Every structure is written in structure tokens, then in C-alpha cells.
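These protein sequence lines are chains A and X, in that order.
Quick note: full-length UniProt numbering has the first sequence finishing at residue 207, numbered continuously throughout.
Quick note: full-length UniProt numbering has the second sequence finishing at residue 207, numbered continuously throughout.
All C-beta atoms, glycine included, are put in the ideal place defined by N, C-alpha and C.
Treat the numbers as computed from the prediction; the structure is a model and nothing was measured.
Protein chains: 2
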Amino acid sequence: MDAPRRTRIQQEKRELILEAALEVFSTHGFRGSTIDQIAEAAGMSKPNLLYYFRRKEDIHEALMQRLLDTWLAPLRELDDIGDPLTELRSYIRRKLEMARDFPRESRLFANEILQGAPRIMPLLAGELKTLVDEKAAVIKGWMRAGKIARTDPWHLIFSIWATTQHYADFDVQVRAVLGPNRGGDGRFEDAARFLEQLFLEGLKPKS
Amino acid sequence: MDAPRRTRIQQEKRELILEAALEVFSTHGFRGSTIDQIAEAAGMSKPNLLYYFRRKEDIHEALMQRLLDTWLAPLRELDDIGDPLTELRSYIRRKLEMARDFPRESRLFANEILQGAPRIMPLLAGELKTLVDEKAAVIKGWMRAGKIARTDPWHLIFSIWATTQHYADFDVQVRAVLGPNRGGDGRFEDAARFLEQLFLEGLKPKS
DNA sequence: CAAATTTTTGACCGATTGGACAAACGTTAG
DNA sequence: CTAACGTTTGTCCAATCGGTCAAAAATTTG
């Protein structure tokens with residue numbers, strides 16, 4: 001269908017704008033961010049930015065679109081092959097790595113959900129729900145096979161999301177509470193160790 | 001010092017404004033909310049609202065101030081007396097009840113932290129850190145006594161915060177994924193059951 | 001080269017924003 | 001009643017917002 005058919009400059013500048021917009025949107029939210037801010041962060045004038053994205057919402061939409069793919073990649077990788085506990089451990093690790101390496105993406109997503117997900121509600125109830133239901137079925141299979149303890153697979157997934165994304169979304173609080181010593185770069189390894197223990201012990205099959 | 005010395009009408013109207021502001025701020029964020037919106041939600045004109053709170057920020061500040069007290073109350077109640085696992089279970093339950101009964105407060109707090117906590121940073125590094133350190137010491141005592149498994153008390157507290165507040169902050173997503181059947185009123189009881197199992201099994205002392 | 005096309009910019013616009021202010025209104029005490 | 005005080009509102013303002021537009025500048029194409 002309608003191929004973008006973009007020039008070299010268009011591709012580069014659009015990328016530059018999206019990078020700047022990610023920075024601005026993720027820290028101030030959609031309504032809290034101004035086009036001028038994004039333009040300045042991208043090193044160009046406002047009209048020039050609006051030459052590449054006609055409206056402020058278009059930037060946000062482009063950002064959300066590419067975000068969801070990469071954001072759900074770890075869950076898509078959760079597979080039926082391999083040892084269930086190992087599989088879950090690496091899912092948790094991957095999610096925590098994303099919180100560490102892409103905190104802005106996490107905050108952008110959190111901002112959107114916090115405000116009622118006005119722009120991605122259909123995606124949540126559609127694509128996301130389908131994916132989660134599918135993976136929940138896989139986990140349920142593990143439980144039936146006695147490989148892991150019986151619990152609610154959906155809430156298990158929620159709790160993995162919550163605990164890992166917490167280290168991106170609430171990073172300021174985490175660092176403030178841990179203080180200068182323990183709040184340094186090592187905090188993600190501490191978190192990984194803790195979460196691994198919590199989930200793997202909590203999910204060990206009963207006898 | 002400077003006692004507020006407020007009339008009856010002032011007390012009532014300020015309360016009315018704060019209630020309206022909680023609703024508006026928690027769904028649109030600080031910069032996404034307008035004084036007109038709050039005034040309309042409170043059923044009064046904008047200049048009338050500004051008679052009680054001179055600036056928009058003053059409303060937000062008053063809101064945050066009262067929020068932190070009630071928000072940290074459950075953690076303050078965490079006590080050294082009583083069985084550790086029971087103590088932790090009721091802490092989790094209280095936190096989840098707060099997410100259910102005061103979701104707007106939770107979202108207001110999340111919004112503030114997400115944006116870097118510009119207005120409450122001192123409180124985080126001061127009062128909050130002190131409280132958490134104190135409770136972490138209590139938990140550490142339980143671990144040394146062999147009452148619960150050894151882990152990182154700080155990250156344990158973080159994970160309890162993350163999992164419980166998730167049901168307030170990401171409510172839209174939770175309901176969308178669970179669907180109309182399981183996303184109804186029962187979702188908090190399901191969550192309570194799951195979290196209880198996760199944390200209590202995950203923290204059982206090793207032999 | 002020159003023409004065509006793409007990119008960039010300064011100036012500008014209407015709408016909305018947070019907030020000021022004086023005048024009007026209501027209430028209460030003497 | 002009336003003076004004092006507390007409350008409410010209509011009107012206004014400067015700043016900022018998202019977005020337009022025509023023209024200049026740069027680049028690509030023939």
C-alpha cells in the first residue's frame with residue numbers, strides 16, 4: 001500500500017525528531033510537552049519539525065507504534081520449549097534489562113497507561129490481550145504438568161511487568177531510597193538477584 | 001507558627017477543591033490539568049478557586065502533602081511484634097486495599113515520580129528513605145532469626161510497592177487484558193490470592 | 001549550467017493558559 | 001441600619017500553545 005517513499009534526509013530527520021520526542025514525552029507526558037521543546041532537543045526550528053510531522057499527535061503516534069513492538073518482544077519469546085523455570089527466569093531477566101536499557105520507553109508507556117491509555121486502548125484489548133492469553137495458556141500447561149506451582153498465570157505476568165518496570169518508572173524513588181551507596185549502577189544486579197529468588201522460590205512446584 | 005486560622009467556609013471549599021483537583025490531576029498530570037478544569041469539577045468559577053489557592057502549584061502541593069502521610073501509613077504499621085510472615089501478609093493486603101480504594105492517590109503519586117519527582121525529591125531522600133531503612137532493618141532481623149528467607153529487604157519492599165500499586169496505576173491495562181469476565185470487581189481478590197502465594201512461598205525460610 | 005524539487009525559516013495567527021483586579025455580593029456584629 | 005469583613009464573579013492581560021504560510025535557502029535532477 002502507501003509506501004512512505006522517503007528521502008535520505010527525511011529518514012534521518014524523522015529519526016532525530018523521534019529520538020528527541022522520546023526524551024521529552026517520557027519525562028513530561030504528552031500534554032506536558034511542547035513542540036518547541038522537542039524541536040529544540042532535535043536541534044531544529046518548530047516549523048521545520050512540523051514539516052516532517054504535521055501534528056504533535058503524529059509524533060506521539062509514531063513513537064507508540066514502534067514502542068509496542070520492541071516492548072512486547074520479551075513476552076513473545078516466552079516459549080514452550082525448554083525448562084519452565086529457566087524460561088521464566090530469562091523472561092524476567094530480559095524484562096529487567098529492558099527497564100535498565102530503555103527506561104524512557106518504559107516511562108512513555110507508563111505515562112500513556114496512567115492517563116487511561118486514550119491512544120492505545122484498542123491495542124491493549126486486542127493485540128496485547130491475545131498475546132497474554134496465549135502465553136497464559138502456555139504457563140497453565142506447565143502448571144498442569146506439575147512443572148511449576150499452580151497460580152493465576154495472568155497475575156503472574158502482571159507481577160513480572162510491575163516489578164521489572166518499577167526500576168525504570170520509579171527510578172528516582174529507587175535511587176533516593178537506596179541512597180548513594182547502593183543506588184548506583186549495581187542496583188539492577190541486586191534487583192535481578194532478588195526477583196529471581198522471589199519468583200523462582202515462589203513458583204517451585206509443591207513436592 | 002503561622003496557624004491557618006480558617007473560617008468554616010474556607011475549610012469546606014478548600015476540601016472541595018482538593019477533591020476535585022485529585023480527580024483532575026490524577027488523570028491528566030500536573031501540566032495536563034487546567035485551573036478551569038479543576039474549578040468546573042469543584043463547581044465554582046476560576047477566580048473563586050484562586051481565592052482559596054493563589055497558584056495552581058499550591059493546590060498540587062497541598063494534595064501531595066496530605067497524600068504522603070496516608071500513603072506511607074501501611075508501611076509505618078509494619079511491626080516487629082507478631083509473626084513475620086503474617087506481618088508481611090497484612091502489609092501486602094493493606095497496600096492492595098489502598099490501590100483498590102484510593103487509585104487516584106496512587107496515580108497522582110506515580111505521575112509525580114514518573115516526571116522525576118521535582119516537587120517531592122527532598123521528601124523521598126529524607127523522610128521516606130529513613131522510614132524504609134528502619135523497616136528494612138526490622139526485616140533483616142527476621143532473616144537473621146531464620147523466620148523468613150534471606151533476601152534484600154529494600155528490593156522486597158520495592159516489589160511489594162510495585163505489584164500492589166500496579167493494580168491502581170495500570171488499571172486500564174489490567175482490565176483490558178483480563179477482559180470483561182475476569183476484569184470485573186473480583187480482580188482484586190484474585191490479585192490478593194496470587195500475591196499472597198507469591199510472596200509467602202517465595203519468602204518461606206529454607207528448612 | 002539551470003530548472004525542479006525539497007528543506008528551512010521568520011513572521012504570524014487564533015485559542016488556551018495561569019493569573020490579576022476591582023467591583024459586586026453576602027454575611028455578620030454592633 | 002450600617003460598617004466591616006468574607007466571598008464571588010466578569011473582565012481583562014501577558015505568555016504560551018499548536019499550527020499556518022509564503023518566501024528564502026539548499027539540494028537534487030536533467
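For residue i, the nearest candidate out of the options (CA to CA)
i	options	result
residue 135 of chain A	A:100, A:120 and A:87	A:87
residue 208 of chain A	A:53, A:55, A:102 and A:58	The structure shown has nothing for residue 208 of chain A, since chain A only spans 1 to 207.
residue 83 of chain X	X:16, X:131, X:146 and X:129	X:146
residue 52 of chain A	A:65, A:38 and A:92	A:38
residue 179 of chain X	A:144, A:10 and A:133	A:133
residue 236 of chain X	X:67, X:203 and X:95	Outside the modelled stretch of chain X, which goes from 1 to 207, sits residue 236 of chain X, for which no answer is possible.
residue 200 of chain X	X:151, X:172 and X:171	X:151
residue 139 of chain X	X:124, X:126, X:188 and X:157	X:157
residue 141 of chain X	X:198, X:81, X:196 and X:117	X:81
residue 78 of chain A	A:195, A:160 and A:204	A:160
residue 76 of chain X	X:129, X:167 and X:144	X:129
residue 112 of chain X	X:90, X:14, X:29 and X:163	X:29
residue 61 of chain A	A:21, A:41, A:100 and A:32	A:21
residue 56 of chain A	A:41, A:98 and A:31	A:31
residue 98 of chain A	A:181, A:33, A:54 and A:165	A:165
Distance CB(residue i)-CB(residue j) smaller than 8 Å
i	j	result
residue 23 of chain X	residue 104 of chain X	yes
residue 155 of chain A	residue 169 of chain X	no
residue 175 of chain A	residue 186 of chain A	no
residue 18 of chain A	residue 63 of chain A	yes
residue 122 of chain X	residue 94 of chain X	no
residue 173 of chain A	residue 117 of chain X	yes
residue 16 of chain A	residue 35 of chain A	no
residue 72 of chain A	residue 124 of chain A	no
residue 92 of chain X	residue 195 of chain X	yes
residue 96 of chain X	residue 192 of chain X	yes
residue 137 of chain A	residue 205 of chain A	no
residue 188 of chain A	residue 100 of chain A	yes
Environment of residue i [buried if 16+ CB atoms lie within 10 Å]
i	result
residue 45 of chain X	exposed
residue 1 of chain X	With a pLDDT of 39 at residue 1 of chain X, under the threshold of 50, the modelled position of that residue is not reliable, and no figure is offered here.
residue 3 of chain X	Since pLDDT at residue 3 of chain X reaches only 46, below the 50 mark, its modelled position is unreliable, and the value read off the structure follows with that caveat. Exposed, by the Cβ-count rule.
residue 11 of chain X	exposed
residue 8 of chain X	exposed
residue 107 of chain X	buried
residue 127 of chain A	exposed
residue 13 of chain A	buried
residue 65 of chain A	exposed
residue 70 of chain A	exposed
residue 153 of chain A	buried
residue 58 of chain A	exposed
Give the list of continuous alpha helix (DSSP H) stretches no shorter than 4 residues that lie fully inside the segment 98-133 of chain A.
Note on the segment 98-133 of chain A: whole alpha helix (DSSP H) runs with a minimum of 4 residues are 103-114, in chain order.
Which whole runs of the beta strand (DSSP E) in the UniProt domain "HTH tetR-type" (11-71) of chain A are 3 residues long or more, in chain order?
none
Report the residue ranges of all alpha helix (DSSP H) runs contained in full by the segment 136-198 of chain A; include only those spanning at least 4 residues, in chain order.
For the segment 136-198 of chain A, whole alpha helix (DSSP H) runs of length 4 or above, ordered along the chain, are 153-169 and 171-182.
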